[in-house]
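Just so we're aligned: the sequence shown equals residues 0 to 276 in numbering that gives the first Met the number 0. No residue lacks a Cβ here, since even glycine has one placed at the ideal position from N, Cα and C. Given the structure is predicted, the values throughout are model-derived calculations rather than measurements. Notes follow once the structure below has been shown.
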Amino acid sequence: MYPMNQIERCLNREEILVAGHRGMKALYPENTLFSMGKALRAGVDMIETDLNRTKDGEIVLLHDLRVDRTTTGSGPVGSMTLKELKSLDAGSPFSPEYRGLAVPTLREFCAFLRTWPELLLNIEFKDYARETMDEAVSVLGQEGLLGRCVFACFHADVCAYLHDAYGLKVQGFPEEYMIGWQEDTYSKLFAVGISLAPFADMPNMRVLTPETVREFEELGLEPWCFCPDDERSVEWAVACGAKLMTCNNPLPALRVLEQRGLHPRRIAQGSLPGSCR
């Protein structure tokens, strides 16, 4: 079991927290340290990122199971060594001006965060293998970061394993979003991520409304939402009662919440490498 005091302390019921989705993916190459740095400087409370594992067992920050969309390479992440993955460009597929950015490892991400002691982390597993979870928990534990993490997954078995084996805080999703749903899945969760709009292949799924928020609060779960990226959707999330907003572009949320006294302006907590500013 690991102490969760920092998560409990930072989830202030009088404020609404803002998480940068894969850093600031609407404006910069997702899940790169450059994108993370931009989100940190903007004033987010939390960074959301995704974990996969390479052929040689390294945990890396990459959303898809394949590298095709976000890098200059092609193929499954799990078929590549870290050296092969590091040879790919994770910046130019977003824009030529970001050419040369690399896919970070989890250890590099941890080192990057050492001067940001108040930042919270939302770590989503895309690789569902227990070896991936065990290694990630080990790395984050060695770095003293587990008390700042809420883990997330769309697979109920992953959520249950992290909760049961390690006693970690876990974010899941409404029942219809999840793979392998079990009757006790909600009991394993700390928070539920609720979408602002239906997925294309799930037109009847529950989305963010005041009623949905109340439903999960009555279950004792934190009602979080994704992704309010303009002022209108931020206002709707506030009206619904969401306690955390995961944003592709966190700037509108930070601006609106500050104006409404729901997110005090935060002074930059730490330093960044020059290449990430």
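Assign residue i to one of two classes, buried (16 or more other C-beta atoms within 10 Å of its C-beta) or exposed (fewer than that).
i: P116; result: exposed
i: G19; result: buried
i: R147; result: buried
i: P28; result: buried
i: N203; result: exposed
i: K168; result: buried
i: K82; result: exposed
i: A41; result: buried
i: P197; result: exposed
i: I178; result: exposed
i: L188; result: buried
i: T114; result: exposed
i: R205; result: buried
i: G56; result: exposed
i: R12; result: exposed
i: M79; result: buried
Which same chain residues, not among the five before or five after residue i, have their C-beta less than 6 Å away from its C-beta?
i: D49; result: H62, E123 and K125
i: S91; result: R98
i: E47; result: A18, H20, N121 and T245
i: R264; result: E257
i: E142; result: C109
i: K85; result: A101
Could you say which of the options lies nearest to residue i if we only look at CA atoms?
i: S94; options: Y160, P209, G171 and S34; result: S34
i: C224; options: Q5, E7 and L16; result: L16
i: D229; options: R98, S73, L250 and F215; result: L250
i: A238; options: T208, M177, C246 and T245; result: T208
i: C45; options: Q5, H162, G74 and A236; result: The question names Cys, yet the displayed sequence has Met at residue 45. Among Q5, H162, G74 and A236, the Cα nearest to that of M45 belongs to Q5.
i: L145; options: L87, G166 and R21; result: G166
i: L32; options: L64, L112, I58 and M79; result: L112
i: L118; options: V43, R264 and K242; result: V43
i: E7; options: V66, V149, E175 and D200; result: V149
i: L10; options: K242, R259 and G56; result: K242
When DSSP labels each residue in this structure, what does residue i get in the three-state scheme?
i: M0; result: A caution first: M0 carries a pLDDT of 37, below 50, which makes its placement in the model unreliable, though a value can still be read off. In this structure, M0 counts as coil in the three-state DSSP scheme.
i: V59; result: strand
i: H20; result: strand
i: H162; result: helix
i: R65; result: strand
i: V255; result: helix
i: A196; result: coil
i: G171; result: strand
i: W180; result: coil
i: M132; result: helix
Excluding five sequence neighbours on each side, which residues of the same chain lie with their C-beta closer than 7 Å to the C-beta of residue i?
i: H262; result: E14, I15, V17, L253 and L256
i: A25; result: D228, N247 and N248
i: R70; result: Here the sequence assigns Thr to residue 70, which means Arg is not the residue at that position. So the list reads L87, D88, A89, P92 and V102, once near-sequence residues are dropped.
What are the boundary residues of the beta strand (DSSP E) that residue i is part of?
i: E47; result: M45 to R52
i: P28; result: It is not in any beta strand (DSSP E) - P28 carries neither H nor E in the DSSP assignment.
i: L118; result: Taken as a continuous stretch (DSSP letters only), L118 belongs to no beta strand (DSSP E), as it is neither H nor E.
i: M244; result: L243 to C246
i: S221; result: Looking at the sequence itself, residue 221 is Glu, so the reference to Ser does not match. Its beta strand (DSSP E) spans residues E221 to F225.
In chain order, what residues of the same chain have a beta carbon less than 8 Å from the beta carbon of residue i, not counting five sequence neighbours either side?
i: G240; result: P209, V212, R213, E216 and P222
i: G77; result: N51, R52, T53, K54, L64 and D126
Can you tell me where the alpha helix (DSSP H) holding residue i begins and where it ends?
i: S73; result: From DSSP, S73 is part of no alpha helix (DSSP H); its letter is neither H nor E.
i: A38; result: L32 to A41
i: F215; result: P209 to E217
i: F108; result: L105 to F111
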